[in-house]
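Input: a single structure, listed below in structure tokens.
Numbering (my numbering), first residue to last: 153 to 673.
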């Protein structure tokens, strides 16, 4: 059977190229199981959690010391009534026990209908564990999808069984698996004004682990499996670009390769895969906006995510607290990462999608209102006349600033988002935009690429008299990395006491032998 790059559902080594998910988690999990611990495994969407659990279940059962059962709670999602929710969990366990051919499966939860929901799961697991000739290891997938009181009752019953295991048989070791850490289970239901009591259902968890992304060597290993099967090789520069753009996010790594193999080189299946093909695949995935991106970007509407993402966009991450629950939540959701204190989108592709998602309405409005901001308008001798383009933006900003700043939920980031929507509308006619959210520096660096030409632009919010000098130094450093001698610094002045005549400026400056155009907005 021909293997493929998988982008939907758990991986099967017979059908898919894959990297061992247990390796990415670490062997600590086996020690926790042997020590009878309850734990959490959390990771962002489509990183391989279900693949991991199925492999863990297989290995534990093969070892023979325990019975290991994988049970998904996805079908219980959205059931707010705890009576119905707990009975649905019992039903899910019944179904999985029967499917996997476990001993005494038919008797599991047989008297649940006559019990109160607050102890029916506890009783069902106790009675079942008492019948088994080996300890039971249980993995609950999608555990964080349980609603409100269903989750509280579920955890309380697990805690009751856990703390009384010396007197009554119960689950030997248990894993709760989902996107959220145990910290966020608690915070969803315990506000400062409300307590769940001293017997917290959350205090039975001894460890919280995460499933890491692929390392660069693992991307090469994954792609090497395809090469071994088909003879189609990936250039080293292609693998490096995939790593840089994805930071090893498993779905993205697989999706890029799948796009290249199935579409870009479909007619030439032996053709070597290059960095240019990787770039083309990335652009195609961004434009397709599949469900992976949509489900992730839906989080941007959440207030607690906005509180983290907005300063990332504006470069004001100095105000973020790395131990704040909202910050940790955004990290758990796979939206951000921190690298030695530098906070940024989890990978450049997500950064691009975040900006495009937030400024999409502006791009649509520019198109629907028939504004003449299209690439041919700004081309001169095969180059973009960036001065002309940004003068047009000044006019557009003056006419629309109040409207668009009011429409954006991300009001602090509105100037950055509107300018990037304007630029995106123009370069859709044949160019590309590379963005660098230079965190902690109160700026965003943008490079517009058109043919072989590069146009570096820096965006800043005015915060004081030193903004311009700081921006010039920062832009000059960015231009050095691009090998560019000409750049543009856009400074947004949001003071209500200053009129447009003073805000709208356009002047040239020299910095270290480079020419910078300073645009006030």
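No residue lacks a Cβ here, since even glycine has one placed at the ideal position from N, Cα and C.
- Where residue 360 is concerned, the enclosing beta strand (DSSP E) starts and stops at 357-362.
- Between the alpha carbons of residue 466 and residue 536 lies a gap of roughly 26 Å.
- Here the alpha carbon of residue 644 sits roughly 31 Å from the alpha carbon of residue 396.
- For residue 636, the closest of 487, 668, 435 by C-alpha to C-alpha distance is 668.
- DSSP places residue 482 in the helix class (H, G or I) of the three-state scheme.
- The residue among 170, 673, 222, 290 with its C-alpha nearest the C-alpha of residue 568 is 673.
- Its Cα nearest to that of residue 289, the residue 326 stands out among 441, 565, 326, 199.
- A distance below 8 Å between beta-carbons, with the five flanking residues on each side excluded, links residue 389 to the following residues of its chain, in chain order: 426, 427.
- Beta-bridge pairing by DSSP links residue 535 to 532.
- An exposed status is given to residue 521, since fewer than 16 other beta-carbon atoms sit within 10 Å of its beta-carbon.
- The DSSP-derived three-state label of residue 595 is strand.
- Residue 610 is bridged by DSSP to 597, 641.
- CA-CA distance, residue 639 to residue 655, rounds to 20 Å.
- Along the length of the region 422-461, whole alpha helix (DSSP H) runs at least 4 residues long occupy 427-440, 443-449, reported in chain order.
- By the CB criterion at 8 Å, residue 505 and residue 438 fall inside the cutoff.
- In the DSSP assignment, residue 588 falls outside any alpha helix (DSSP H) and lies within the beta strand (DSSP E) extending over 584-588.
- In the DSSP assignment, residue 289 falls within the beta strand (DSSP E) that extends over 288-293.
- In the structure shown, residue 496 falls within a strand segment according to DSSP collapsed to helix, strand and coil.
- Going by beta carbons, residue 515 and residue 577 fall inside the 8 Å limit.
- Rounded to whole angstroms, residue 572 and residue 559 show a C-alpha spacing of 16 Å.
- Taking a cut-off of 8 Å for Cβ pairs, the region 270-289 and the region 313-330 touch, as three or more such pairs fall below it.
- One thing to note: residue 402 has its Cβ no nearer than 8 Å to the Cβ of residue 305.
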